[in-house]
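Below is one structure, written out as structure tokens; comments come after it.
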Amino acid sequence: MSDFSSLGLSPAILKSLARAKFTQPTPIQEQAIPLVLAGHDVLGLAQTGTGKTLAFGLPLIDKLMAQPGKPSPKTCKALILAPTRELVNQIAENLSNLVQGTKMNVATVVGGQSINRQISLMHRGNDILVATPGRLIDLMDRGAVDLRYTRHLVLDEADQMLDLGFIHALRKIAPRLGTPRQTLLFSATMPKQMEEISQAYLTDPKRVQVSPPGKAADKITQSVHFLDSKAEKARKLRDILTADMGALTLVFARTKHGAEKLMKSLRADGFNAESIHGNKSQGQRDRAIKGFRDGKVNVLVATDVAARGIDIPGVAYVVNYDLPDVPDAYVHRIGRTARAGREGEAIAFCCPDEADNFLQIEKLMKIEIPTASGERPAEAVRPSARAARGRGRGGPRAGGNKGRGGKPQGKPQGQGQPQGQARSKPRGEAKPKVEAGGNAMPKRRRPRRRNAGAASA
Numbered sequence: 056m057s058d059f060s061s062l063g064l065s066p067a068i069l070k071s072l073a074r075a076k077f078t079q080p081t082p083i084q085e086q087a088i089p090l091v092l093a094g095h096d097v098l099g100l101a102q103t104g105t106g107k108t109l110a111f112g113l114p115l116i117d118k119l120m121a122q123p124g125k126p127s128p129k130t131c132k133a134l135i136l137a138p139t140r141e142l143v144n145q146i147a148e149n150l151s152n153l154v155q156g157t158k159m160n161v162a163t164v165v166g167g168q169s170i171n172r173q174i175s176l177m178h179r180g181n182d183i184l185v186a187t188p189g190r191l192i193d194l195m196d197r198g199a200v201d202l203r204y205t206r207h208l209v210l211d212e213a214d215q216m217l218d219l220g221f222i223h224a225l226r227k228i229a230p231r232l233g234t235p236r237q238t239l240l241f242s243a244t245m246p247k248q249m250e251e252i253s254q255a256y257l258t259d260p261k262r263v264q265v266s267p268p269g270k271a272a273d274k275i276t277q278s279v280h281f282l283d284s285k286a287e288k289a290r291k292l293r294d295i296l297t298a299d300m301g302a303l304t305l306v307f308a309r310t311k312h313g314a315e316k317l318m319k320s321l322r323a324d325g326f327n328a329e330s331i332h333g334n335k336s337q338g339q340r341d342r343a344i345k346g347f348r349d350g351k352v353n354v355l356v357a358t359d360v361a362a363r364g365i366d367i368p369g370v371a372y373v374v375n376y377d378l379p380d381v382p383d384a385y386v387h388r389i390g391r392t393a394r395a396g397r398e399g400e401a402i403a404f405c406c407p408d409e410a411d412n413f414l415q416i417e418k419l420m421k422i423e424i425p426t427a428s429g430e431r432p433a434e435a436v437r438p439s440a441r442a443a444r445g446r447g448r449g450g451p452r453a454g455g456n457k458g459r460g461g462k463p464q465g466k467p468q469g470q471g472q473p474q475g476q477a478r479s480k481p482r483g484e485a486k487p488k489v490e491a492g493g494n495a496m497p498k499r500r501r502p503r504r505r506n507a508g509a510a511s512a
């Protein structure tokens, strides 16, 4: 692996990286940075936590630093679009740290905040504008944003934006942008619509890929519990949380009401839990995420939309309490653990009425997710495609679960071990790992907060 100095970045950027203690690029950064610096459009496929922000942010800042002149009022030199307020703020924070000591500025425009303040912010002119599509269009309609001089467009987590009407927003935004233009698109999955966006808005793009679309990071251990009812889900979750008290655990629920109800139930049982979902104010969500990041809260219950953009390196476990209706969402969910080269664990619960969702997830990932420790033989509990097709919600039994202990059951489909395949026992049952020197590592270790040597922003 090369270091940042070999990628063509300027001395000023290298100095910023050294100050931030980033010493070695991640694979996506190593591939993308030279291409962006060379002026190519780039289509980047990589999971969350692989360092995509710096993959586009570093060369973008480098190129802007070489452009003389202050941006005119209402304009921006580069526009970065992201699906959620949390991700916008995270990107802006990372880039702001890198432009410290320069005359460049980074601005954000998101919903849920004063639009008048954002109009004033735009009036000064900005080098980099990070925005959610909806609020940007609001400002455009008010004449507060002029994109005619914007020569760089970044679409981050583009596949997630598809669920939020992103194509319609892009059709309004793109024609207002200046030309010629460099466009960078980053995504974890590659649905058909993403191919269409790439063909429509990118010019002869260079494709960089860390892992196949729809695959989980190779350091995520996956397992599934086949359960009979919601009551069994609740009991199993409490068992799992009790097995490793204090570890940061992100729990996904399907609905806002379900997330809030589950959080309150966990609190009543003595767990230090918070929730984030669409019914929470931005301030409440920010406080919950900060508490989770700081370790003051160790269980965060979230819906898919609210959790988009969360980047917390210390997340040890992701629990899919409710399976998502869209299989791509599963990939995004479990990508919240095993970030920046760490190991993590993804645990799924599957009730009979979720059997079809589960099979669609396995189909997307091209693996058979192992049955969790202590479950009955996989053949006895795993739903079949034929059974799932004939089963509506509340239909016949898809499987059961009794006790814990033992090894995961199930084999990968096809030859070889796919990325994301479970490699060890699920939570609470892992054997100590042995390092090269023969020293056994502790049975359970809480992940470190940050790997200073890897640029994982």
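In my numbering, the protein residues as written are 56 to 512. Backbone N, C-alpha and C fix where the C-beta goes; we use that ideal spot for every residue, glycine too. Note that this is a predicted model, so its numbers are computed, not measured.
Report buried or exposed for residue i, applying the criterion of at least 16 other Cβ atoms within 10 angstroms of its Cβ.
i, result
"Glu417", "buried"
"Pro332", "The displayed chain sequence assigns His, not Pro, to residue 332. His332 is buried by the Cβ-count criterion."
"Asn181", "buried"
"Arg140", "buried"
"Asp377", "buried"
"Gly338", "exposed"
"Thr297", "exposed"
"Phe347", "buried"
"Met245", "buried"
"Arg74", "exposed"
"Ser71", "buried"
"Met300", "exposed"
"Ser336", "exposed"
"His207", "buried"
"Pro235", "exposed"
"Pro114", "buried"
"Ala121", "exposed"
"Ser60", "exposed"
"Pro138", "buried"
"Ser175", "exposed"
"Asp411", "buried"
Assuming residue i is part of the alpha helix (DSSP H), what are its boundary residues?
i, result
"Ile422", "Ile422 -> no alpha helix (DSSP H), and no H or E assigned at all."
"Ile402", "Not the alpha helix (DSSP H): Ile402 falls in the beta strand (DSSP E), residues Gly399 to Cys405."
"Phe347", "Gln337 to Asp349"
"Leu292", "Lys285 to Ala298"
"Leu321", "Lys311 to Ala323"
"Val386", "Pro382 to Ile389"
"Ala302", "Premise fails: Ala302 is in no alpha helix (DSSP H) and is neither H nor E."
"Val360", "Asp359 to Ala362"
"Met245", "Per DSSP, Met245 belongs to no alpha helix (DSSP H) and is neither H nor E."
"Lys70", "Pro66 to Arg74"
"Leu62", "That residue, Leu62, is in no alpha helix (DSSP H); it is neither H nor E in DSSP."
"Gln173", "Ile170 to His178"
If we call anything under 8 Å between Cβ atoms a contact, is residue i one with residue j?
i, j, result
"Cys112", "Asn149", "First, the residue type needs correcting, since residue 112 is Gly and not Cys in the sequence shown. Yes. Within cutoff."
"Gly390", "Leu240", "no"
"Asp513", "Leu153", "Past the boundaries of the shown model lies residue 513; the chain is included only from 56 to 512, so the question cannot be answered."
"Leu64", "Asp117", "yes"
"Val279", "Val374", "no"
"Gly189", "Gly166", "yes"
"Ala67", "Leu136", "no"
"Asn334", "Lys311", "yes"
"Ala308", "Ala314", "yes"
"Cys406", "Leu321", "no"
"Thr304", "Tyr256", "no"
"Val161", "Gln173", "no"
"Gln277", "Ile88", "no"
"Ile275", "Ile402", "no"
"Lys261", "Leu90", "yes"
"His387", "Gln264", "no"
What is the residue span of the beta strand (DSSP E) that residue i lies within?
i, result
"Phe281", "Ile275 to Phe281"
"Ser330", "Ala328 to Ile331"
"Lys261", "Lys261 to Gln264"
"Asn375", "Tyr372 to Asn375"
Does the Cβ of residue i lie closer than 7 Å to at least one heavy atom of the ligand COA?
i, result
"Val306", "Ligands in the displayed structure: none, and consequently the ligand COA is not present."
Every unbroken beta strand (DSSP E) inside the region 90 to 121 [3 residues or more]: 97 to 100, all fully within the region 90 to 121.
Unbroken stretches of the beta strand (DSSP E), 3 residues or longer, contained in the region 132 to 167: As far as the region 132 to 167 is concerned, its whole beta strand (DSSP E) runs of at least 3 residues are 161 to 164.
Validate contact between the region 381 to 389 and the region 347 to 354 using beta carbons, cut 8 Å, 3 pairs: Counting C-beta pairs closer than 8 Å gives fewer than three between the region 381 to 389 and the region 347 to 354, which falls short of the contact rule.
Touching by the beta-carbon criterion (3+ pairs, under 8 Å), the region 127 to 143 and the region 407 to 422: With the cut-off at 8 Å, the region 127 to 143 and the region 407 to 422 do not touch.
The region 189 to 204 / the region 228 to 243 touching (three or more Cβ pairs under 8 Å): Cβ pair count under 8 Å is three or more, so yes.
Cβ contact (3+ pairs, closer than 8 Å) linking the region 106 to 124 and the region 80 to 87: A contact exists between the region 106 to 124 and the region 80 to 87.
Completely contained beta strand (DSSP E) runs for the region 184 to 243, where each covers 3 or more residues: Within the region 184 to 243, the complete beta strand (DSSP E) segments of 3 residues or longer fall at 207 to 210 and 237 to 242, listed in chain order.
Given 8 Å, three or more beta-carbon pairs between the region 284 to 291 and the region 247 to 264: The region 247 to 264 and the region 284 to 291 do not touch, with fewer than three beta-carbon pairs separated by less than 8 Å.
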